[in-house]
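*Asks:* Each residue of the sequence shown is one higher than the last, beginning at 1 in the UniProt record's numbering.
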Amino acid sequence: MNFVTSLWQWLVEIIVVILIAAAVYVRNNKEIFFLSWQLPGPPAWPIFGNAFAFLCKDEDLFERAVSFTSAYSSPMRFWFGPKFCIVITDVVQAEKVMSSIKFATKDKQMYKFMAVFNGEALISGSGPKWKRDRRLMSPLFLKRNVIQYFPYILHHMKILVKLLEEKVDQPTFNIEHLIHRCATDFVNETIIGVETNAQGGEMENFLENLTRMYTVVYARMVKVWLQVEWIFRFTKYKKLQEDGKSVLHGFFRQAIETNKQTHVCTTKDDESFRNLLQQMLDIRNDVPDFATDEELVHHLSTLYSASEDTVTTISSFALVLLGMYPNIQNKVVEEIFSVVGDRDVEEADLVKLTYLDMVIKDVLRLFPIAPFIAREASQDFQLEMARSGKRPNEFYPEHFLPEAVSKRHPYAFLPFSAGPRGCLGKPYAYMAMKIILVTILQRYAVEADGKLEDKPLKNDISVRFKDEIYPIRIRKRTKSEKAFFK
Ligand code: HEM
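1. Helix, strand or coil for serine 406 per DSSP?
2. Who are the near neighbours of methionine 280 in its chain, counting only those whose CB is closer than 8 Å to its CB and skipping five residues on each side?
3. In angstroms, rounded to a whole number, what distance separates the CA positions of histidine 249 and phenylalanine 52?
4. DSSP three-state label for asparagine 174, please.
5. What residues come near ligand 1, if near means a beta carbon less than 5 Å from any of its heavy atoms?
6. Which whole runs of the alpha helix (DSSP H) in the region 120-155 are 4 residues long or more, in chain order?
7. With a Cβ-Cβ cutoff of 8 Å, do isoleucine 435 and valine 332 count as a contact?
8. Here's a check: name, in chain order, each residue in its chain whose Cβ is nearer than 7 Å to the Cβ of serine 315, leaving out the five neighbours to either side.
9. If you measure from the CB of alanine 432, is any heavy atom of ligand 2 nearer than 7 Å?
10. Does the beta-carbon of glutamine 329 have 16 or more other beta-carbons within 10 angstroms, so that it is buried, or is it exposed?
11. Leaving out the 5 sequence neighbours to the left and right, which residues in its chain are closer than 8 Å to isoleucine 360 when beta-carbon positions are compared?
12. Output the boundary residues of the alpha helix (DSSP H) element that contains lysine 96.
13. Starting from arginine 475 and walking both ways along the alpha helix (DSSP H), at which residues does that stretch end?
14. When DSSP labels each residue in this structure, what does residue 489 get in the three-state scheme?
15. Can you name, in chain order, every residue of its own chain whose Cβ lies under 8 Å from the Cβ of serine 417, other than the five neighbours on each side?
16. From what residue to what residue does the beta strand (DSSP E) around glutamate 195 run?
17. Cα separation between valine 91 and arginine 408?
18. Can you tell me where the beta strand (DSSP E) with asparagine 459 in it begins and where it stops?
19. Let's test the definition: count the other Cβ atoms within 10 Å of the Cβ of glutamine 254 and tell me whether it reaches 16, buried, or not, exposed.
20. How long is the line joining the alpha carbons of valine 222 and threonine 439, rounded to whole angstroms?
21. Check the DSSP bridge columns for phenylalanine 80 and list the partner residues they point to.
22. Roughly how many whole angstroms lie between the Cα atoms of tyrosine 304 and isoleucine 469?
23. Could you give the distance in angstroms between the alpha-carbon of glutamate 202 and the alpha-carbon of glycine 425?
24. Measure from the alpha carbon of serine 480 to the alpha carbon of each residue in Leu401, Asn29 and Phe337, then state which is nearest.
25. Starting from phenylalanine 465 and walking both ways along the alpha helix (DSSP H), at which residues does that stretch end?
26. So for lysine 390, helix, strand or coil by DSSP?
27. Let's see if you can read the secondary structure: which residues bound the alpha helix (DSSP H) around tyrosine 72?
28. For arginine 421, I'd like the list of residues in its chain whose CB is within less than 6 Å of its CB, leaving aside the five on either flank, ordered along the chain.
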């Protein structure tokens, strides 16, 4: 037998083994394959599934995913390599899945890449530990607890509005860059328990590594080949992951050490300021197995990215849109001057800023920070359908007038997710975003070029403008303008 004949024989044997393995796999999973053939969805390859659909630049992944989900009715099928997924875009179907504790388990394959940084903490964890941690930590996120952070957020915002003086009547600049640094400082002070000076330029290495973390986590979630450990090891992402983790975890470890030294467990009705880390140390005092130091690092890493990135991005989107749509900005400013006037915004004002609330909600609707949420289905379920929404692609805060809200399915608007895995940070987020927007809009008129549709989006761990620039110009509000709005 010559070399070519034995090579052929060898190849045929491999193909036969693969075919037998595939046949066994299909037989063992016949219900899934049967369901897959019944559902609409893009044609898939054996083994690779629809993985080739994501062979594109990182910044084009979001558009690819959206084009798939809008091309087929819900529920649609999608194969992430050999993994079968059902994609739901219908609100009634979403309610069925998201409201049930039976579907509270996060998809392990997706979230394990986040778990590299965030361990089994609240967003990436599941099961009894997540359930216990969520129960213990939920009170820390209630409005009555997070309201103590109001003056700290306002303090850092006052530094930001001072820095903005330099931008008055200047060409377009990226507002996200400045809000990002301000939010870093207030999140660090209120949640992580350390005072930082990102607004003075002292956190740049940390912030660079944070961006790396988002890039790696998202790339591994959607690019099936990066999920194969030995392939991943040879890519640029491996180094990004190692460097990112070492810098971020180093920072959080240091915060824990500092807070452990100053931490004094106080009575439950003590009203003095306690950052969130100190409150987690309080929990550990009561429930000793609540979290090891390493698990606290994971909680801080989770809470940092869950809070700082989301609040920064949504506030930046809001300012660009208000710059693009001056009529809407005028209505917001009119409300701000009638409720707050020229003084510092106070806690009691927030609830009265109802139009601003509608604006923020419409921004959250247009730019859902987590547009894809993955859950594991551990049992069979039936789905039904519903329709939703008028003027879906317009910035139209009136979508959130009480009468419009009452006519809509509650699961038609899910920026904070919902059900047992819903966002815990909603009260903190609304408070922070309102302080940011009021403090800026009180002092400056914002301008931005173009319209909503001129700025395409991308997605890493959050939705962002594709070019990552949130361009605005600002002008100081004159006395007569303020008087006009009052
Ligand atoms: C505009 C701001 C925010 C938006 C749009 C938002 C949105 C979300 C979404 C969609 C989820 C579910 C994620 C998933 O299932 O993969 C989530 C979870 C979570 N968020 Fe937020 N979030 C925001 C701000 C915050 C803030 C400020 C904090 C903390 C102070 C926070 C803490 C959390 C936590 C702890 C979870 C995990 C809940 C669990 O799975 O048990 N979020 N958030």
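Quick reminder that beta carbons are idealized off the backbone N, C-alpha and C, glycines included.
*Replies:* The short version:
1. In the sequence shown, counting from the first residue as 1, residue 406 sits at position 406. Residue state, collapsed to three classes: helix.
2. For the purposes of this step, residue 280 is taken as residue 280 along the sequence shown, with counting starting at 1. The residues are Met137, Leu140, Phe290, Ala291, Leu296 and His299.
3. Counting from one through the sequence shown, the residue named residue 249 turns up at place 249. Counting from one through the sequence shown, the residue named residue 52 turns up at place 52. The alpha-carbon atoms of histidine 249 and phenylalanine 52 are separated by roughly 34 Å.
4. Your numbering for residue 174 matches position 174 in the sequence shown. Asparagine 174: strand per DSSP, three-state reduction.
5. Leu122, Ile123, Arg134, Ala306, Ser307, Thr310, Ile314, Ile369, Ala370, Ile373, Pro415, Phe416, Ser417, Arg421, Cys423, Leu424, Gly425, Tyr428 and Ala429
6. 127-137 and 143-146
7. Here the question's residue 435 lines up with position 435 in the sequence shown. Here the question's residue 332 lines up with position 332 in the sequence shown. Not in contact: isoleucine 435 and valine 332 (Cβ atoms no closer than 8 Å).
8. For the purposes of this step, residue 315 is taken as residue 315 along the sequence shown, with counting starting at 1. Counting only Cβ-Cβ distances below 7 Å, and skipping sequence neighbours, we find Ile179, Met433, Ile436 and Leu437.
9. As for ligand 2, it is missing from this structure, which binds only ligand 1.
10. The residue given as residue 329 occupies position 329 in the sequence shown. By the neighbour-count rule (16 or more Cβ atoms within 10 Å), glutamine 329 is buried.
11. Mapped onto the sequence shown, residue 360 falls at position 360. Excluding positions up to five away in sequence, the list reads Ile314, Ala318, Tyr430, Met433, Lys434 and Leu437.
12. If you number the sequence shown from 1, residue 96 lands on position 96. Element bounds for lysine 96: 91-98.
13. Residue numbering aside, residue 475 sits at position 475 when the sequence shown is read from its first letter. No alpha helix (DSSP H) contains arginine 475, which is instead part of the beta strand (DSSP E) from 471-476.
14. Outside the shown range of the chain, which is 1 to 486, sits residue 489, and nothing can be said about it.
15. Translated into positions along the sequence shown, residue 417 becomes position 417. Closer than 8 Å at the Cβ level, and outside the excluded window around serine 417, lie Met98, Ala370, Ile373 and Cys423.
16. The sequence position of residue 195 within the sequence shown is 195, counting from 1. Segment: none, glutamate 195 is in no beta strand (DSSP E) and carries neither H nor E.
17. Counted from its first residue, the sequence shown places residue 91 at position 91. Counted from its first residue, the sequence shown places residue 408 at position 408. Between valine 91 and arginine 408, the C-alpha separation is close to 10 Å.
18. Here residue 459 refers to the residue found at position 459 when the sequence shown is read from its first residue. Per DSSP, asparagine 459 belongs to the beta strand (DSSP E) from 457-459.
19. Taking the sequence shown and counting its residues from 1, one reaches residue 254 at position 254. Glutamine 254 is exposed by the Cβ-count criterion.
20. Indexing the sequence shown from 1 puts residue 222 at position 222. Indexing the sequence shown from 1 puts residue 439 at position 439. If I take the Cα positions, the gap works out to 38 Å.
21. Residue mapping note: residue 80 aligns to position 80 of the sequence shown, counting from 1. Paired residue(s): Gly49 and Lys83.
22. Within the sequence shown, the letter at position 304 stands for residue 304. Within the sequence shown, the letter at position 469 stands for residue 469. Their backbone Cα atoms lie some 22 Å apart in a straight line.
23. Within the sequence shown, residue 202 is the residue found at index 202, counting from 1. Within the sequence shown, residue 425 is the residue found at index 425, counting from 1. Glutamate 202 and glycine 425: Cα-Cα distance of roughly 26 Å.
24. Here residue 480 corresponds to residue number 480 of the sequence shown, with the count starting at 1. Ranking Leu401, Asn29 and Phe337 by Cα distance to serine 480 puts Phe337 first.
25. The residue you call residue 465 lines up with position 465 of the sequence shown. Element bounds for phenylalanine 465: not the alpha helix (DSSP H) but the beta strand (DSSP E), 463-465.
26. Position 390 of the sequence shown, counting from 1, holds the residue named residue 390. Three-state result, lysine 390: coil.
27. Looking up residue 72 in the sequence shown gives position 72. Tyrosine 72 -> no alpha helix (DSSP H), and no H or E assigned at all.
28. Translated into the one-based positions of the sequence shown, residue 421 becomes position 421. For arginine 421, where only same-chain residues beyond five positions count, the Cβ hits under 6 Å are Ala104.
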